[in-house]
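The numbering of the sequence shown is this note's numbering, which starts it at 26 and goes up by one. A virtual CB, placed ideally from N, CA and C, is assigned to each residue, including glycine.
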Amino acid sequence: MAIILTSDQQDLTELVKNFMEKEVKPHIKEYDRKGEFPLELYKKGFELGFHLLNIPEEHGGLGLDHRTTTVVLEEMAKVEPAYAVTMFTSIITFECILLSGSKEQIAKYSEKLIPGALGAFSLTEPNAGSDAASLRTTAVRDGDDYILNGRKCFVTNGGYSDIYIIFATVDRSLGAKGITAFIVEKGIPGFSVGKHEDKMGLRLSNTTDLVFDNVRVSAADRLGKEGEGFKIAMMGLDAGRICHAAISTGISQGAINEAVKYAKERVQFGKPIIKNQAIQFMLADMDMQTEAGRQLSYSGAALLDAGMKATKEAAMAKCFAADTAVKVTQDAVQVLGGYGYSREYPVEKMYRDAKITQIWEGTNEVQRMIIARELTGK
Ligand SMILES: Cc1cc2nc3c(=O)[nH]c(=O)nc-3n(C[C@H](O)[C@H](O)[C@H](O)COP(=O)(O)OP(=O)(O)OC[C@H]3O[C@@H](n4cnc5c(N)ncnc54)[C@H](O)[C@@H]3O)c2cc1C
């Protein structure tokens, strides 16, 4: 890793690495096959504060800066990207409340999130994906409450969350300016978890629909003002994309590690396959691209740590690291030959896991649109 870590960062990285290797890795194959959410494994991470990485210390978090957060997320994703994503989704939920919540909301929900509750951030709907501002879930004011109706989809942590940030519209004719954010707790009447996605990859992460059938939410649980929801949803996007880039880089690095190990052991034509220049060049390209993606996320994180804007850099990091993860994991399967295609070895799962990184947090097409917009000033 071409980055100089402080001794604190090294200790933390070592702790995460050991935890992932000992506590998580032995169970991955079983849970991946079943497509089951390993709640108990996540609870062990709560004890170490993995759901509070960059949450400020004064709010009960670890107070990590953006750069250190990317290092930690990469380390988790090297072993299991769903682990990093589950923790990170809880972090964004908490951050939304810290950035836009009232003192009362911060106090109320910190108490629940700090000890280790899962959070979820729910913007996407069946007819509103990339065009998130066209969402249709409605919030109608009724005295001191709002009544929510609609359906959300692809909600990470959907089935296991205790606290949800829900985006609904108070007036569809206003478009993005009608979108309003609410904090919704598990178990309130009319609110239920819908379909559970049986996914191609990232099967240790839980993804569900959410259904709102005349759900009464107190106005005290509205986050920010009416119409500020879209701004709230977009607020943490640059930091989020840099974190997602780090997760993609973790997937790539995990695949490189497996490919190098295998290529040293596998003997064909009387010598380990790594002695062939064709294999060496493939590994060299995999490593080069992974390092480039890593450096893009570090430079974006450094800008954010300096209090600067990083919209273009975050989009570049997310897009490049995701494309790299798909390419690198595909090449890792190639290095392992037929065994790479077999479920006996971990690289086929890495290949399946990598694909989602080009889709979520704004598809890679959307990232290219953002980069072009920053370039053209439009
Ligand atoms: C596993 C998983 C977890 C997720 N977690 C969450 C979550 O926690 N919270 C949440 O709110 N959402 C979540 N999502 C949703 C995710 O953010 C969306 O899937 C994503 O934004 C894309 O939306 P879509 O799937 O509707 O695709 P669409 O928007 O329908 O896009 C389909 C294709 O068209 C392309 N496209 C669309 N518009 C344009 C355009 N103008 N120009 C060029 N190409 C375009 C897209 O890039 C894509 O290739 C998750 C999704 C998955 C699969």
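Proximity test, residue i beta-carbon vs ligand 1 heavy atom, cut-off 8 angstroms
i           : result
residue 391 : yes
residue 273 : no
residue 105 : no
residue 157 : yes
residue 260 : no
residue 177 : yes
residue 112 : no
residue 146 : yes
residue 307 : no
residue 350 : no
residue 282 : no
residue 182 : yes
residue 388 : yes
residue 222 : yes
residue 381 : yes
residue 194 : no
residue 153 : yes
residue 248 : no
residue 227 : yes
residue 375 : no
residue 149 : yes
residue 384 : yes
Three-state class that DSSP yields for residue i in the structure shown
i           : result
residue 83  : helix
residue 150 : strand
residue 362 : helix
residue 208 : strand
residue 265 : helix
residue 230 : coil
residue 62  : coil
residue 90  : coil
residue 220 : strand
residue 31  : coil
residue 144 : strand
residue 384 : coil
residue 236 : strand
residue 78  : coil
residue 73  : coil
residue 104 : helix
In DSSP terms, what residue i is bridged to
i           : result
residue 174 : 163
residue 297 : 292
residue 243 : 170
residue 189 : 145, 209
residue 329 : In the DSSP output, where bridge partners are listed per residue, residue 329 has none listed.
residue 180 : 233
residue 248 : 206
residue 194 : 163, 204
Close beta carbons around residue i, own chain, < 8 angstroms, minus the five adjacent residues each side
i           : result
residue 410 : No answer is possible for residue 410: the residues shown for the chain start at 26 and end at 403.
residue 354 : 276, 277, 280, 372, 375, 376, 378, 379
residue 232 : 179, 180, 181, 183, 221, 222, 224
residue 16  : No answer is possible for residue 16: the residues shown for the chain start at 26 and end at 403.
residue 16  : Residue coverage of the chain in this structure runs from 26 to 403, which leaves residue 16 outside it and unanswerable.
residue 283 : 357, 361, 370, 371, 372, 375
residue 38  : 30, 96, 97, 100
residue 60  : 223, 224, 228
Neighbourhood of residue i by C-beta, 6 angstroms cutoff - its chain only, sequence neighbours within 5 removed
i           : result
residue 93  : 34
residue 299 : 288, 289
residue 191 : 147, 207, 209
Contacts around residue i, its chain only, beta-carbon distance under 7 angstroms, and the 5 residues preceding and following it disregarded
i           : result
residue 178 : 149, 150, 151, 234
residue 358 : 365, 366, 372, 373, 376
residue 381 : 226, 227
residue 346 : 270, 273, 274, 318, 321, 322
residue 158 : 200, 201, 204, 255
residue 52  : 63, 66
residue 106 : 227, 272, 275, 276, 378
Residue i CB to nearest heavy atom of ligand 2 below 8 angstroms
i           : result
residue 232 : By its list of ligands, the structure shown excludes ligand 2, since it contains just ligand 1.
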